[in-house]
Structures are given as structure tokens and as C-alpha cells.
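Notes follow once the structure below has been shown.
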Amino acid sequence: MKIAFVHPDLGIGGAERLVIDAAVGLQSRGHQVVIYTSHCDKTHSFEEARDGTLDVRVRGNTLPANLLGRFAILFAILRQLHLTIHLLLESTTYDAIFVDQLSTSIPLLRLKAPVFFYCHFPDKYLAQPGGLLKKLYRIPFDAVEEYTTAASDAIVVNSNFTRSVFAKAFPRISRTPGVLYPCVDITHLPTTPPSQTPTLQFPEGTKVILSINRFERKKNIELALKAFATLRGHPNFQNLRLVLAGGYDSRVTENVTYHHDLQSLASTLSLTHQTIKPTSSALALDLDPNTNVLFLLSIPGPLKEELLRTSTLLAYTPTNEHFGIVPLEAGLARLPVLATNTGGPLETIVDGDTGTATATGWLRPADEGAWGEVMRAVIEMSERERESMGSAARERVVTRFSLETMAGDLEDGILSMLNECRNKGGVPVVGVLLAVLLVAVVVCLPQIARTT
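Residue numbers for the sequence shown follow the working numbering, beginning at 89 and rising by one.
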């Protein structure tokens with residue numbers, strides 16, 4: 089099959105990782121894949137998006153992402169419509185189109201090919217809360233999201249948790265979406281460090297508690313900081329390090345301000361801290377040996393893999409995370425995970441409190457005291473106990489969340505959609521009329537771009 093992917097911004101994040109993995113997985117099964125995106129920064133994207141593994145085409149990047157920091161959803165929609173027009177005008181034909189995050193252009197894209205929609209989470213619940221004006225502002229966008237999502241030929245979500253939220257968010261959609269779990273490439277992460285891997289030269293005997301998240305407030309990274317601070321009285325505290333690593337984009341105001349706030353919190357908690365923005369060419373990072381907390385901004389892949397291999401515990405802090413790919417990456421690296429007892433981790437982590445030999449980590453409320461207790465217990469575990477839990481984590485990932493499994497399920501889903509479309513017929517008239525309206529709007533985009 090020839091399959092087009094449509095994704096708003098191909099940066100670094102869980103949604104982007106899924107899109108990359110889905111595209112690579114289908115490509116490995118013999119299909120031709122093209123990714124269309126409104127933005128792809130070669131210095132802030134996954135390796136497969138910039139090393140030629142995937143055919144990535146940037147379209148419709150002339151419009152701004154927001155206006156003075158506001159109207160992000162409006163401009164995201166306009167940018168996607170602009171991208172969609174470019175795709176429709178290209179002569180290439182596709183058997184199917186994979187769309188995720190933004191559903192607005194689905195009726196228009198269906199003029200090109202059947203649309204397979206992947207819902208990471210309803211956007212209406214991702215929007216930041218606000219007052220009456222914000223609620224009124226969101227009404228038309230929420231209505232459009234529900235209608236255009238329903239217009240897709242197939243819908244899947246990333247977890248059973250998201251499926252329950254989907255039903256609440258879109259009561260007028262009678263279909264129950266399927267579940268297609270994100271994955272990790274089990275062939276990618278080596279069990280021993282390759283040559284020329286960036287190194288973190290901590291003092292001998294250091295135990296690292298690791299957090300990997302984008303620097304966004306909803307990720308609740310301060311939970312890891314506060315929990316780590318409860319260990320100050322531990323006799324081996326001087327040998328402990330908290331590494332807060334993850335996606336950071338200086339263009340995103342929230343990334344900048346949240347990182348600053350986390351630094352301030354570390355200082356308030358009497359934790360010394362250091363911030364480094366590594367580069368892929370740096371083979372050794374200049375670390376202060378007395379630092380309690382290390383901030384690593386936008387870490388390159390090899391360094392991330394080294395951290396997963398060598399850390400003692402992954403502290404995965406988000407509450408009600410839709411799925412969470414990092415716990416799978418940790419499990420593949422035999423690293424136990426501590427996560428909140430909400431959302432996707434309930435489906436990926438087997439709690440150690442169950443007493444089962446297949447336990448892969450711990451699930452706790454988002455409480456610094458409860459998290460501090462687990463951190464203390466983990467650093468006092470024997471190496472044999474930790475290795476046993478790590479082996480169970482890897483086995484669970486390999487058998488249930490591999491790239492091959494996800495690619496096969498996605499391929500089956502697309503083929504099933506195409507069979508249903510052949511039996512069902514063409515695009516609804518309402519969809520065509522909406523598509524014509526969207527075309528009329530996008531015709532005005534060059535003028536909009538010039539005036540903004």
C-alpha cells in the first residue's frame with residue numbers, strides 16, 4: 089500500500105514517537121510511506137525523520153503557530169488545512185491516510201483516500217482551563233473536533249483509558265474505537281553501550297533516579313524533585329543523583345518558564361542543580377560532581393539510551409497520562425518504573441505490591457511521601473532483586489509492546505478499513521460540502537500569512 093501520514097509538528101514527544109514508529113513499522117512490512125507535516129526542525133526531531141529513513145515533506149509552514157502566544161488551536165487548524173491543500177494538489181495517489189492529533193481536515197482528506205484516525209487524547213480535554221470567554225472560544229472548536237473525528241473511516245486510541253475518555257468527550261459518536269498500543273523497537277536498544285556513546289561521568293557508586301518528560305507543567309516533574317528531597321537524610325544521599333531529562337524547545341514559552349520554575353524549586357528544597365543541553369557530538373559531559381539534580385535538555389538518542397541502561401529507577405511523574413511511551417523504553421532497558429496509579433501506566437506496569445514474579449515497577453498516588461518511600465526502597469534493593477524486576481519488565485515489553493506487534497495490528501486495521509470502505513461506498517455529501525468550504529478558507533491563507 090501507499091500510505092500518507094499527516095501530523096502537525098514532527099518534533100520530539102510521545103505522539104511524534106508513535107507516528108515515527110508506525111511509519112517505520114509499515115515501511116518495514118513493504119509499504120510505501122510519506123509523512124506530511126507543517127514543521128520539522130532537523131535539530132529537534134527524531135533521527136528517523138532526519139536521516140533519510142522516512143520521506144518527510146514539510147508543507148504549509150508559512151503561517152505562524154500562534155498570534156502573540158494566543159489562538160494556538162486556531163492557527164494549528166489553519167496550518168493543517170494549508171498542509172492538506174498541498175497534499176491534495178500533489179499528483180501522488182494514496183491507498184490510505186493516517187491522521188493523528190488534529191481531525192479538522194479529515195473530511196477534506198477523504199477526497200484523496202480513506203482516513204485512519206489515531207486519537208492520542210481528545211483535544212477538548214487537552215486545552216488549558218480558563219474563564220467564560222475561554223469556554224465560549226472553545227465551543228466551535230470542540231464541535232468541529234467531534235464532527236470531523238466522526239467523519240474518519242476508522243478510529244483507534246492509544247489505551248483503554250483513552251477509550252473511556254473518548255466516549256465521554258464525544259457522546260454523539262456511536263462507534264467504539266479500537267485500541268492500538270504505542271510501541272518500542274525491541275531491536276534498537278542494545279544491552280551494552282556502543283562505541284562513541286556520550287557518557288555521564290558520575291562519581292563511582294552513584295545511583296541515578298531518572299525522569300524523562302517534556303518540560304511541560306502537566307508532566308508534574310516537581311513530584312520527582314519533592315520526592316527526591318525526602319531522601320536527604322539517607323546515609324548514602326551523597327551518592328544519589330536525580331536526572332531530569334527530556335524534550336525542550338526554546339521556542340516554547342512553557343518549556344522555558346517551567347524549567348526555570350523547576351530550578352527555583354530545587355534551590356528552595358536545598359538541592360544543588362546543574363543544567364546541560366547536550367549535543368550529539370559531545371562524548372563526555374562536564375558534570376559538577378557535587379550536583380544533586382541534573383537537568384538535561386533535549387537529550388540525543390544515544391545519551392537517552394545510556395541513561396536508561398545505567399539508572400536505578402525511572403520516576404514517571406504525569407497523572408492520567410494517556411499512555412506513556414517512556415515506561416516501555418525503560419522496561420526494554422530492564423529499568424524498573426515508578427509511576428502514578430492513573431492512566432496508561434495501569435496497562436503497562438505490573439505493580440510490585442501484587443507480590444507476583446512478573447512485577448515491573450510500582451504504581452503510587454502522586455504524593456511525594458509515597459514516592460520517596462519507593463525511591464528509598466529501590467536504592468536499598470539488592471542488585472539481584474532489581475535485576476529480576478528489570479528482566480520481567482523487558483519480557484513484558486517484548487511480548488506485548490513491540491514495534492512488530494504494533495505494525496502488524498496497524499496493517500490489519502488499515503486493510504480492514506479499506507475493505508469496509510469498498511463495501512460502504514463513497515464520501516458523504518455533507519463531507520464534500522464541508523471540504524469545499526475548507527478549500528475556500530485555505531485559498532485565503534496566503535493573505536492571512538502576509539497580514540500576520
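No residue lacks a Cβ here, since even glycine has one placed at the ideal position from N, Cα and C.
Within the same chain, show all residues whose beta-carbon is closer than 7 Å to that of residue i, passing over the 5 residues directly before and after it, in chain order.
{"i": "residue 317", "result": "357 and 359"}
{"i": "residue 182", "result": "90, 91, 92, 200 and 201"}
{"i": "residue 190", "result": "96, 164, 165 and 168"}
{"i": "residue 307", "result": "301, 405 and 406"}
{"i": "residue 512", "result": "none"}
{"i": "residue 464", "result": "319 and 322"}
{"i": "residue 157", "result": "341"}
Once you ignore the five residues that flank residue i on each side, which residues in its own chain have a CB closer than 8 Å to its CB?
{"i": "residue 416", "result": "270, 271, 272, 436, 485 and 489"}
{"i": "residue 145", "result": "122, 123, 124 and 125"}
{"i": "residue 327", "result": "291, 293, 294 and 295"}
{"i": "residue 350", "result": "303, 309, 310, 313, 332 and 383"}
{"i": "residue 194", "result": "187, 203, 205, 236, 237, 239 and 240"}
Look up residue i in the DSSP assignment and give the residues it is bridged to.
{"i": "residue 207", "result": "245"}
{"i": "residue 127", "result": "97"}
{"i": "residue 439", "result": "449"}
{"i": "residue 266", "result": "244"}
{"i": "residue 300", "result": "333"}
{"i": "residue 138", "result": "Per DSSP, none; premise fails for residue 138."}
{"i": "residue 490", "result": "272"}
{"i": "residue 186", "result": "93 and 204"}
{"i": "residue 105", "result": "DSSP, once it has assigned bridges, lists no residue as partnering residue 105."}
{"i": "residue 295", "result": "328"}
{"i": "residue 428", "result": "452"}
{"i": "residue 404", "result": "427"}
{"i": "residue 143", "result": "122"}
{"i": "residue 158", "result": "155"}
{"i": "residue 381", "result": "330 and 361"}
Using DSSP with H/G/I as helix, E/B as strand and the rest coil, what is residue i?
{"i": "residue 360", "result": "coil"}
{"i": "residue 120", "result": "strand"}
{"i": "residue 470", "result": "coil"}
{"i": "residue 229", "result": "helix"}
{"i": "residue 340", "result": "coil"}
{"i": "residue 386", "result": "coil"}
{"i": "residue 165", "result": "helix"}
{"i": "residue 91", "result": "strand"}
{"i": "residue 305", "result": "helix"}
{"i": "residue 536", "result": "Because residue 536 sits at a pLDDT of 48, beneath the cut-off of 50, its placement in the model cannot be relied upon, and the following sentence gives the value as read from the coordinates. In the structure shown, residue 536 sits in a helix (DSSP, three-state: H, G or I)."}
{"i": "residue 422", "result": "coil"}
{"i": "residue 149", "result": "coil"}
{"i": "residue 191", "result": "coil"}
{"i": "residue 78", "result": "The displayed coordinates of the chain run from 89 to 540. Any statement about residue 78 would go beyond what the structure contains."}
{"i": "residue 179", "result": "coil"}
{"i": "residue 351", "result": "helix"}
{"i": "residue 320", "result": "coil"}
{"i": "residue 254", "result": "helix"}
{"i": "residue 110", "result": "helix"}
{"i": "residue 133", "result": "coil"}
{"i": "residue 413", "result": "coil"}
{"i": "residue 504", "result": "helix"}
{"i": "residue 476", "result": "helix"}
Give every residue of the same chain whose Cβ lies closer than 6 Å to the Cβ of residue i, excluding the five residues on either side of it in the sequence, and list them in chain order.
{"i": "residue 143", "result": "122"}
{"i": "residue 403", "result": "297, 299, 312 and 426"}
{"i": "residue 237", "result": "191"}
{"i": "residue 154", "result": "160 and 163"}
{"i": "residue 244", "result": "206, 265, 266 and 268"}
{"i": "residue 147", "result": "124, 171 and 174"}
{"i": "residue 102", "result": "413"}
{"i": "residue 105", "result": "413"}
{"i": "residue 324", "result": "none"}
{"i": "residue 533", "result": "Summary for residue 533: the model assigns pLDDT 48, below 50, so the residue's position carries little reliability, and this model does not support an answer."}
Between residue i and residue j, how many whole angstroms is the CB-CB distance? I'm expecting something under 8 Å.
{"i": "residue 230", "j": "residue 256", "result": "No, residue 230 and residue 256 are not in contact; Cβ-Cβ is about 13 Å, not under 8 Å."}
{"i": "residue 439", "j": "residue 447", "result": "7 Å"}
{"i": "residue 184", "j": "residue 502", "result": "5 Å"}
{"i": "residue 246", "j": "residue 411", "result": "4 Å"}
{"i": "residue 481", "j": "residue 424", "result": "6 Å"}
{"i": "residue 396", "j": "residue 421", "result": "4 Å"}
{"i": "residue 432", "j": "residue 409", "result": "5 Å"}
{"i": "residue 381", "j": "residue 330", "result": "5 Å"}
Within 6 Å: the Cβ of residue i and any heavy atom of the ligand GTP?
{"i": "residue 461", "result": "The ligand GTP is absent from the structure shown, which contains no ligands of any kind."}
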